[in-house]
Each structure stands twice: as structure tokens, then as C-alpha cells.
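Under this note's numbering, the very last position in the sequence shown is 657; numbers go up by exactly one each time.
Glycine included, every Cβ here is placed at the ideal spot set by N, Cα and C.
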Amino acid sequence: MSTGITSNAPARRLLRESLHRRRGSMIGAALFLAGHQTCEALIPAAIGIALDAGFGGEGALPLLACLAGLLALFAVLTLCWRWFARIGEGAALDEMHRHRVRASRRLVEPVDEGRGADSAEAISVLTGDADAHGRWIVVVPAMAGSLAAIAVSSAILIVTDPVVAAVLIASAVVVSLGILIVSPRLARRVERQQQTLAETLAMGADLTAGLATIRGLGRVRAAIDRFGRRSDAARDSAIAAGDTAAVQSGLTALGSTAVVVVALGFGGQRWLEGDLTIGGLVTVIGLAQFITEPLTSLGRQAQFAAIAWASTGRFASLDDAAAATSGPAPEAAADAADDDAVTVEPGEVLAIAAPAGNPPHLRFRTERVLREPASPYFFRGTVRENLALGRAGDPPGEGELGAALEAADAEFVAALPGGLETRLEDGGHTLSGGQMQRLALARALLTRPEGLVLIEPTSAVDSVTERRVAARATAYRRTDPSSATAILTLSGMLLQRADRVVFVREDGTRVSAPHARLLETEPLYREAVAG
């Protein structure tokens with residue numbers, strides 16, 4: 127994660143993209159909020175006009191007209207606020223969701239080992255920072271609305287009494303400048319707070335994952351002390367950011383109060399001198415009280431902007447880190463080595479035997495390829511939910527589930543306490559290694575990919591189970607003539623079930639033939655399979 131986001135070009139680019147994408151919603155939200163604030167600013171003026179009409183002896187009709195105008199103002203400002211919230215908040219929520227999905231895709235792309243963002247830190251970015259970045263879509267219209275309120279209030283004050291208006295506008299400018307001076311410091315402290323919090327979460331995840339190793343080394347106390355120091359740093363950063371936010375809030379409140387005091391003093395003096403009517407005095411005092419709201423809002427929005435800018439920088443850093451470490455997709459890898467790639471034909475079960483650990487590139491005649499990792503992982507949830515992960519919008523029926531479980535020799539699921547409704551925790555580690563492999567194989571089969579790559583799918587099962595899995599799983603895949611299957615393995619039971627085997631020698635040369643023929647003609651193959 128990068129720091130110093132004030133010079134972070136990816137953050138500026140990400141912010142420009144978001145604002146440009148939501149420009150229509152932001153303009154609409156800003157216009158509705160400006161309408162709301164304009165109506166709010168007109169209310170003190172309307173009350174002042176009504177008072178002058180009442181005290182001026184102009185009769186009941188002008189007074190009733192003023193009251194009707196007040197009702198109309200309240201109706202319009204209520205509708206404007208509703209549509210501002212609906213458009214602005216809706217666009218902000220859409221933007222938050224978009225960036226969570228975008229970063230999630232980045233994180234699940236293939237990455238080079240040892241590179242990329244830490245998973246715990248990435249989770250912090252995907253949750254808090256995604257939401258904070260999305261607040262830009264509301265912050266910008268809110269600032270525009272506050273400025274509109276100040277402008278309308280200033281115009282009414284100038285019309286009512288230019289002298290009082292000049293004093294109040296000068297006071298408002300001083301308060302606004304004070305807010306702007308504090309904002310950059312707040313942004314830096316908020317960024318530091320978010321950074322140290324993410325680092326603390328990452329360290330906690332590392333300690334949890336390596337607890338057994340730490341205990342074995344007798345370094346539990348040292349690890350706890352190290353985590354404590356990191357946690358203290360996160361606490362201190364949060365306190366520093368809170369102190370700065372409190373100073374900004376205090377300055378905003380102090381400035382707003384000063385504006386009201388100035389209005390009371392100058393307005394009262396002008397009224398006593400006969401330069402203001404009673405309605406004009408009420409208008410001035412009412413606007414002085416009202417103008418504190420947009421001034422306070424500017425302070426709040428400056429805080430939100432500081433938090434959002436810090437989050438934008440961290441979010442952009444995660445995005446760039448994931449993009450920089452992303453490996454090529456399987457199709458791209460195959461295209462890059464077209465001359466060397468092994469083509470897996472539709473309807474074929476191909477086995478790859480590479481004892482030296484140098485398997486070839488694979489080329490499928492489809493873009494929908496599933497690669498089932500050698501070490502499967504299961505998410506918190508039921509067995510049924512984990513099996514159906516690859517079937518979003520098309521959950522498998524009981525018949526499909528049963529057929530896939532049988533093909534993977536995973537009927538042990540029926541003996542679990544809750545059957546398919548048994549909850550899996552901690553990545554599925556409550557299951558044995560062999561059970562996890564077979565359940566993962568059933569999940570892969572249920573996904574029904576046109577291209578499927580399996581990596582040692584039976585390495586954790588006994589020979590009897592392995593024989594059943596080899597026979598059933600390959601038969602299951604052959605029921606679909608359009609499916610292509612590649613199995614990277616040295617298991618003789620899987621190799622003999624393949625339509626053909628590609629044997630990769632230590633020097634990288636390859637020979638393709640049925641399993642039985644390779645046993646006869648390739649001593650190294652026979653030795654690798656037997657071993």
C-alpha cells in the first residue's frame with residue numbers, strides 16, 4: 127500500500143473515473159440539494175416579509191399570501207431533499223458496490239507467489255475504503271449545495287442590508303478558510319490511521335495462521351508484544367486523526383457561533399438606528415442562524431472528503447498492486463506459446479505426466495475453463511452452498527448433487543451430522559484431506575465447465591477410493607461430448623483412464639500416447655508412475 131496520496135496519480139485517476147461515471151447523478155443531486163438549500167434560505171426572508179406585512183397594517187390578504195408562500199417553500203424543500211437523497215445516495219451505493227466487485231476480481235486473478243496485497247489488508251480496503259471512496263458521489267453535491275446556500279443567503283442579505291451583509295460574508299469567508307487550512311492535515315492523519323489499522327489486521331491474520339509455528343519456536347510472548355506495539359500504533363493514529371477532526375469541528379462551531387453573534391450585534395444596531403425594519407432584523411438574524419448550517423456542512427464534508435481521499439489512495443494502490451501481479455489468463459498463456467501448447471479436444475480426457483514439474487501450456491477450444499487447485503478451500507456455509515458455488519442462478523437439484531457426489535466418491539456427505547446442510551468452518555478443515563479433495567472434485571463437476579483442469583485430485587485418498595474416483599469421475603465427464611478434461615497427475619489409476627497421456631521428460635521433450643503404450647516404451651514414465 128502506498129502512502130503520501132497527495133502525489134498519488136492512480137488515486138487521482140480513480141477519482142476522475144468515478145466522478146465522470148456518476149456525473150449525471152451528481153449534477154442531479156447537486157441541483158436538488160441547491161433547490162433545497164435555496165428554499166431554506168428563503169424562509170427567513172419570507173418570515174420577515176410576513177412580519178412587515180402584519181406590522182405595516184396592510185391587511186390580512188398580504189399576510190395570508192406570505193403564509194401560503196411559506197407552505198409552498200416547505201413543500202418544495204422537502205421534495206428536493208428527498209430526490210437529492212434518492213439520486214445521490216443511490217449513485218454512491220452503486221459506486222461502492224462497483225469498486226468492491228472490481229477489487230475482488232483483481233484479488234482473485236492469478237498472482238505471482240510472494241507478490242500482491244496482503245489478504246487481511248485487502249479485506250480492510252474492500253470494506254471500509256470502498257465505502258469511503260463511494261462517499262465522493264455525495265460529498266461533491268453536498269459541498270455544491272452548501273455553497274449555493276451561502277450564495278443565496280448572501281444575496282438576500284445584500285438586498286436587505288448591504289452593511290450587515292458585508293460583515294457576515296467576511297465572517298463566513300474567514301470561517302471557510304479556517305476549515306480549508308485544517309483539512310489537509312486531517313487527510314494525512316486519516317490516511318495514517320487507515321494504513322496502521324490495515325497493517326494491524328494483516329499482522330493479526332499472520333499470527334493466527336502461524337500460531338502453531340510460533341508455539342513450537344517458543345516465541346508466543348515475543349509475538350504478542352510485537353502485535354501489541356502494532357496495535358498501540360493503530361490506536362495512536364486513530365487518536366491523532368480524532369484530535370484533528372475534533373479541532374476542525376470545534377473551529378467550525380466557533381466560527382458559526384461568531385457569525386450569529388456578529389449578526390445580532392450589527393443587525394440590532396441597524397434596527398435601533400432605524401435602518402432596518404423589524405422584518406429585516408428577523409431576516410438578518412434568521413439568515414445568520416441558517417448560514418451556520420452550510421458552514422458546518424462544509425466542515426463535515428471537508429472531513430468526509432479527507433477520509434474519502436485517503437481511502438481512494440489506498441483503494442487505487444490495491445487495484446494497481448493486484449493488476450501489476452496478475453498473471454495471464456489460461457487462454458492468454460496458451461496463445462503466448464501456441465507452438466508448445468497441448469490442445470485438449472472436446473470430449474477428451476487428457477492426462478499430463480510431468481515428473482520434473484514442467485507441465486506444458488494447455489489450449490482448450492473454449493473460453494470457459496475451470497482450474498481446480500491441488501489444495502481445495504471451502505467457505506463458511508453449508509456443504510450444499512459450497513457445492514453450488516459455481517452454479518449461481520442455477521442451483522443444482524438433488525439428482526445432480528447425488529450424481530456429482532457419486533462420481534467423486536463423496537457419498538460420505540450423507541453420513542455427516544446434517545448431510546448436505548452440515549456447516550463447514552475454518553476453510554473446511556473439519557474434514558479429512560481425502561474428504562476435502564473429493565468434495566472439491568464434486569464441486570468442480572457440478573460447475574459443468576466446458577474445460578476442466580484437475581491437479582492431483584486423488585493425492586490424499588487410499589488406493590481403493592482412488593480407483594473408484596478415477597473410474598467414476600472420468601465417466602461423468604465423458605457424458606458431455608463437448609467437455610474437455612485435463613488431469614495433471616502421476617497416479618497410474620487416473621492415467622489409465624485417460625484417452626491419451628502426454629509425458630513430459632526432464633529435458634522438456636514430450637511424447638503423447640495411451641498409458642499402456644507409454645509403460646512399454648518409456649522407462650522413465652514407467653518409473654515415475656510406479657514410484
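**Study point:** Beta-ladder partner(s) of V579, from DSSP
**Key:** If you number the sequence shown from 1, residue 579 lands on position 453. Listed as beta-bridge partners of V579 by DSSP are R497 and A612.
Practice item. Can you grab the Cα-Cα spacing for the pair Q415 / V293, in whole Å? Key: The sequence position of residue 415 within the sequence shown is 289, counting from 1. The sequence position of residue 293 within the sequence shown is 167, counting from 1. Distance between the alpha carbons of Q415 and V293: 14 Å.
Point to revise | Distance between R347 and R261 (C-alpha atoms, nearest Å) | key: Working through the sequence shown from its first residue, we reach residue 261 at position 135. Working through the sequence shown from its first residue, we reach residue 347 at position 221. One C-alpha to the other measures close to 41 Å.
**Study point:** Selected residue, minimal CA-CA separation from C206, among F158, A186 and A198
**Key:** In the sequence shown, residue 206 corresponds to position 80, counting from 1. Among F158, A186 and A198, the Cα nearest to that of C206 is on F158.
Check your understanding: In angstroms, rounded to a whole number, what distance separates the CA positions of A462 and T611?
Key -> By one-based count along the sequence shown, residue 462 stands at place 336. By one-based count along the sequence shown, residue 611 stands at place 485. Note that A462 scores 37 on pLDDT, short of 50, meaning its location in the model is unreliable and no value can be drawn from it.
Check your understanding: G368: beta carbon under 8 Å from a heavy atom of the ligand GDP?
Key -> No copy of the ligand GDP appears in this structure; indeed no ligand is present at all.
Point to revise | Beta-carbon contacts of V278 that lie in its chain and below 6 Å, excluding the five residues immediately before and after | key: Within the sequence shown, numbered from 1, the residue matching residue 278 stands at position 152. Exclusion of the five residues before and after V278 leaves T164 and A167 as the residues of its chain whose Cβ lies within less than 6 Å of its Cβ.
Review point. Got a sec? Which residues, its chain only, sit under 7 Å from E457 by beta carbon, not counting five neighbours each side?
Key: One-based indexing of the sequence shown puts residue 457 at position 331. Bear in mind that a pLDDT of 40 at E457, under 50, signals an unreliable position, so the model cannot answer this.
Practice item. Sort P170, F210, V468 and I153 by Cα distance to H162 and report the nearest one. Key: Taking the first residue of the sequence shown as 1, we reach residue 162 at position 36. Per the Cα distances, F210.
Exercise for review: For R138, I'd like the list of residues in its chain whose CB is within less than 7 Å of its CB, leaving aside the five on either flank, ordered along the chain.
Suggested key: Counting from 1 along the sequence shown, the entry for residue 138 is found at position 12. Once the five neighbours on either side are set aside, R138 has no close Cβ partner at all.
Exercise for review: List the whole-angstrom C-beta distance separating V627 from A639, where the pair is believed to meet the contact cut-off of C-beta under 8 Å.
Suggested key: As a working mapping, residue 627 is identified with position 501 in the sequence shown. As a working mapping, residue 639 is identified with position 513 in the sequence shown. The beta-carbon separation of V627 and A639, rounded to 7 Å, stays under the 8 Å limit for a contact.
Check your understanding: According to the neighbour-count rule (16 or more other Cβ atoms, all chains shown, within 10 Å of its Cβ), is H641 buried or exposed?
Key -> What you label residue 641 is simply residue 515 of the sequence shown in a count that begins at 1. By the 10 Å Cβ count, H641 comes out buried.
**Study point:** Contact set for G393: own chain, Cβ-Cβ below 7 Å, skip 5 residues either direction
**Key:** Residue numbering aside, residue 393 sits at position 267 when the sequence shown is read from its first letter. Excluding positions up to five away in sequence, the list reads V290, L402, L407, V410 and I411.
Exercise for review: Return the first residue and the last residue of the alpha helix (DSSP H) that S638 is part of.
Suggested key: Along the sequence shown, read from residue 1 onward, the residue named residue 638 stands at position 512. Careful: S638 lies outside any alpha helix (DSSP H), inside the beta strand (DSSP E) at R636 to A639.
Practice item. Throw me the rounded Cβ distance for the R148 and E221 pair, which I believe falls under 8 Å. Key: The residue given as residue 148 occupies position 22 in the sequence shown. The residue given as residue 221 occupies position 95 in the sequence shown. Right, their Cβ atoms sit about 6 Å apart.
Check your understanding: Straight-line CA distance for E653 to T469?
Key -> Walking along the sequence shown from the start, residue 653 turns up at place 527. Walking along the sequence shown from the start, residue 469 turns up at place 343. Taking the straight line from one Cα to the other gives about 26 Å.
Check your understanding: Roughly how many angstroms separate the alpha carbons of R142 and A156, rounded to a whole number?
Key -> By 1-based counting over the sequence shown, the position of residue 142 is 16. By 1-based counting over the sequence shown, the position of residue 156 is 30. Their Cα atoms are separated by approximately 17 Å.
Practice item. Only counting runs of 3 or more residues, tell me where the beta strand (DSSP E) segments fall wholly within the stretch 525 to 596, in order along the chain. Key: Contiguous beta strand (DSSP E) elements confined to the stretch 525 to 596 occur at 577 to 581, taking only those with 3 or more residues.
**Study point:** Reduced DSSP secondary structure (H/G/I, E/B, other) of G150
**Key:** Counting from 1 along the sequence shown, the entry for residue 150 is found at position 24. Taken through DSSP and simplified to helix, strand or coil, G150 comes out as helix.
Practice item. Could you check the C-alpha separation between A298 and V373 for me, to the nearest Å? Key: Numbered from 1 along the sequence shown, position 172 holds the residue referred to as residue 298. Numbered from 1 along the sequence shown, position 247 holds the residue referred to as residue 373. Their backbone Cα atoms lie some 18 Å apart in a straight line.
Point to revise | Residue from A186, S558, P267 and T573 with nearest C-alpha to G519 | key: Reading the sequence shown from its first residue, position 393 is the one you call residue 519. Considering only alpha carbons, the answer is T573.
Practice item. Please state if the CB of V301 and the CB of G381 are separated by a distance shorter than 9 Å. Key: For the purposes of this step, residue 381 is taken as residue 255 along the sequence shown, with counting starting at 1. For the purposes of this step, residue 301 is taken as residue 175 along the sequence shown, with counting starting at 1. For the pair G381 and V301, the CB atoms are nearer than the 9 Å cut-off.
**Study point:** CA-to-CA distance, R506 to E547, given in whole angstroms
**Key:** For the purposes of this step, residue 547 is taken as residue 421 along the sequence shown, with counting starting at 1. For the purposes of this step, residue 506 is taken as residue 380 along the sequence shown, with counting starting at 1. Computed Cα separation, rounded: 12 Å.
Point to revise | Segment limits, beta strand (DSSP E) that includes T403 | key: In the sequence shown, residue 403 corresponds to position 277, counting from 1. The continuous stretches of beta strand (DSSP E) do not include T403, and DSSP gives it neither H nor E.
Check your understanding: Using the beta-carbon count (16 or more within 10 Å), is E646 buried or exposed?
Key -> For the purposes of this step, residue 646 is taken as residue 520 along the sequence shown, with counting starting at 1. That one is exposed.
Practice item. Work out the CA separation of N484 and R732 for me, nearest whole Å. Key: This structure gives no information on residue 732, because the portion of the chain shown stretches from 127 to 657.
Practice item. Look up V202 in the DSSP assignment and give the residues it is bridged to. Key: Locating residue 202 in the sequence shown gives position 76, counting from the first residue. V202 is not bridged to any residue.
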